[in-house]
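Per my numbering, the very first residue in the sequence shown carries number 56; after that it's consecutive. The beta carbon of each residue, even a glycine, is placed where N, CA and C say it ideally should be. Working notes for the structure below.
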Amino acid sequence: MKLNEMVPGTKIDLKVIQNSYQDDIDDEAPNFLTSVFDILDDSTFEMQMPIQGGQVILLPVNTQYEAVFIMENGLYKATCTVINRYKKDNFYLLRATLTTELMKYQRRQFYRFPCNVQMIYSALSEENAKLGSMGEIRTSMKEGPSGMVVRGYGTILDISGGGLRFSSSFDLSQVKYLYLQFSIEVGGEKKTLEQVGRLLESKKLEGSNKHMNRVKILFKDTDYQELIVRYIFEGERRLRQEGTR
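See below:
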């Protein structure tokens, strides 16, 4: 994959890995979501400054980032250095140069987009969770026992291309896999998503009867993964537009 094969609008997930005043950045360094603005040559490109909470994030120059480019045919990763930042035609831009080659990459944790989305969940057996499609899982759930199955409603608080965090009224710490169903708006249309999640953590919130749960989504249909990424970018675009009014 070559940089000049990219097109403006290509989505980028950025994470700081080194800057001019701190050699090592810990694993909790935040991710930033942005997109390619223009390709200048075979190693230099412009990208829009990320927006969070309606505010432009002025990322520092002379800083190295891990950049994951989200393409229709997969993900490509490279290290890049931000060498300049400026405003052009009412766009706030970063100029960056690649310091490594673009390489095919398997998905990692993405930028988490804050949201408030209602969700239905139900505990899944490991056997059901490992079935090949959501159709098979739904059939198996209908044919299985209808007794004391853990199920309920939750609220998704943030979501990424790889997982989500949601609140629930029940303690799910003894649950390993979940059936998840929720709806998001993409391209002006309501999309209902059904997926399997593996519970990473469930803990009670102090001073509350709510529990906080972190889930890794085990996508049975990668089209749903792309829908979530599009939902995040459309949400960020709305925040960007609100921030420039």
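Beta strand (DSSP E) segment containing S177, residue limits: 168-179
Does the beta-carbon of N128 have 16 or more other beta-carbons within 10 angstroms, so that it is buried, or is it exposed? exposed
Report, in whole angstroms, the separation of the C-beta atoms of I211 and F237, which I expect to be a contact under 8 Å. 6 Å
T210 in three-state terms, based on DSSP: strand
Helix, strand or coil, according to DSSP, for N145 in the structure here? coil
What are the boundary residues of the beta strand (DSSP E) that includes T99? 99-103
Below 8 Å CB to CB, which residues in the same chain sit around L148 once its five sequence neighbours on both sides are set aside? F92, E101, M102, Q103, M104, R140, Y141, K142
Who are the near neighbours of F87 in its chain, counting only those whose CB is closer than 6 Å to its CB and skipping five residues on each side? L69, P105
Between I67, K246, G218, F168, which lies nearest to R253 when the distance is taken from Cα to Cα? G218
Use the C-beta contact count for M158: other C-beta atoms within 10 angstroms, 16 or more gives buried, fewer gives exposed. exposed
Out of E121, G209, E281, state which residue places its alpha-carbon closest to the alpha-carbon of N268. G209
Helix, strand or coil for I112? Go by DSSP, reduced to three states. coil
Simplified DSSP assignment, three categories, for Q229: coil
Give me the DSSP bridge partner(s) of K259. H266
8 Å Cβ cutoff met for F146 and I214: no
Per DSSP, Y286 forms a beta bridge with which residues? BP columns for Y286 are empty, so no partner.
Please classify R150 as buried or exposed, where buried requires at least 16 neighbouring CB atoms within 10 angstroms. buried
Tell me whether K57 sits in a helix, a strand or coil according to DSSP, three-state version. coil
Buried or exposed: where does Q229 fall if 16 or more other Cβ atoms within 10 Å of its Cβ makes it buried? exposed
How about D97 and L58: are their beta carbons less than 8 Å apart? yes
Below 8 Å on the Cβ atoms is my guess for N183 versus I175; work out the distance and round it to an integer in Å. Contact doesn't hold; Cβ gap of about 16 Å is too wide.
Find out if the Cβ-Cβ distance for the pair L233, V270 is shorter than 8 Å. yes
Residues bridged to N139 [DSSP beta-bridge criterion]: R150
Whose C-alpha, out of N171, Q173, A133, V172, is nearest the C-alpha of E156? A133
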